[in-house]
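**Student:** Following this message is one structure expressed as structure tokens.
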Amino acid sequence: MRYLMLVLSTPQDPDLTPQDEAGAPPIEGWVDRYYGDGTASAGDRLRPPEDAVGVRVRGGKVLVTDGPFAESKEAIGGFDVIEAPDLDTAITVASEHPMAHAGAIELRPVWPLDLDGQGGEG
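Be aware that the sequence shown starts at 1, since it is given in UniProt numbering, and climbs by one per residue.
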């Protein structure tokens, strides 16, 4: 099953300690391991929230706003797409990411659109 890992910055997390951040493993090791063995297939860093653009269509008009659409204490700093046989394995992969130590990882199963009519999950 594919999972999207949203890599979150959590600067206002009251549980985050300097020891957590200092104990985060280097990203290079995580990338080498999981991109090297094919578990991770795509990912990158994202520009900061102030560089985001919101796009909505209302009443047939395209509305564009600067910055993030909603205020949040967390900011998405990047993403990775991983393949894992089950949720427990995906959690293990996510827990070894440096930002699980210094921020947070939101792990979401991919829900295929089934555009080809082959019976995707629903």
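Even glycine gets a Cβ: it sits at the ideal position worked out from N, Cα and C.
Being a predicted model, the structure only gives us computed values, none of them experimental.
1) So, under 8 Å CB-CB, S9 and G77 are touching, yes? Tell me the CB distance rounded to an integer number of Å.
2) If we call anything under 7 Å between Cβ atoms a contact, is H97 one with I105?
3) May I ask you to report which of helix, strand or coil DSSP gives A94?
4) Closer than 6 Å by C-beta to G103: which residues in its own chain qualify, once you throw out the five before and the five after it? Chain order, please.
5) Where do the ends of the alpha helix (DSSP H) carrying R108 lie?
6) Within 10 Å of its beta-carbon, does V64 have 16 or more other beta-carbons around it, so buried, or fewer, so exposed?
**Tutor:** So, from the listed chains and residues:
1) 5 Å
2) yes
3) helix
4) L8, S9 and T10
5) No alpha helix (DSSP H) contains R108, which is instead part of the beta strand (DSSP E) from A104 to P109.
6) exposed
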